[in-house]
Amino acid sequence: MSDAFRRIAVLAHPQVQDGLARGEQVARFLNQQGVETLVGLLSDPEVRRPVAEGKVDLCIALGGDGTMLRAGHLCGPAQVPILGVNLGRFGFLIEVNWEEWQP
């Protein structure tokens with residue numbers, strides 16, 4: 003089995019300004035790399051369901067520390083790893099800032 007991420011969920015906090023637009027930007031980049039993506043708000047059941055069922059290889063959470071904690075509650079039981087990208091002010095739990103997400 004390959005270690006590559008084949009299906010990635012990109013989740014944005016519903017109250018983060020431009021969160022969904024930035025999520026779509028991340029998804030476009032990943033699609034260009036040949037990765038299947040699901041993109042939506044952290045509150046969207048159609049995106050939450052596949053994550054909770056473990057049908058994704060990685061979750062990218064866009065927001066702040068609260069977003070990371072909510073993503074942890076969603077991804078933890080399914081053992082889906084999370085990469086947090088900080089769109090907030092401080093980001094104590096997140097090491098990757100928006101300006102750094104793309105190689």
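For the sequence shown, this note's numbering gives the first residue as 3, with consecutive numbering after it. Quick reminder that beta carbons are idealized off the backbone N, C-alpha and C, glycines included. These numbers come from a predicted model, not from an experiment.
Helix, strand or coil at residue i [DSSP, three-state]
i: Leu11; result: For the sequence presented, residue 11 should be read as Ala rather than Leu. Of the three classes helix, strand and coil, the one that applies to Ala11 here is strand, per DSSP.
i: Leu71; result: helix
Short Cβ contact (8 Å threshold) for residue i with residue j
i: Glu38; j: Arg8; result: yes
i: Ala11; j: Leu40; result: yes
Where the beta strand (DSSP E) containing residue i begins and where it ends
i: Leu64; result: 60-65
i: Glu2; result: Residue 2 lies beyond the range of the chain shown here (3 to 105); nothing can be said about it.
i: Val18; result: No beta strand (DSSP E) holds Val18; DSSP gives it neither H nor E.
i: Val87; result: 84-88
Element boundaries [alpha helix (DSSP H), containing residue i]
i: Val53; result: 47-54
i: Gly21; result: 21-34
Status (buried if at least 16 other CB within 10 Å, exposed otherwise) for residue i
i: Asn33; result: exposed
i: Ala23; result: exposed
Does the region 89-104 come close enough to the region 51-69 to have 3 or more Cβ pairs within less than 8 Å?
yes
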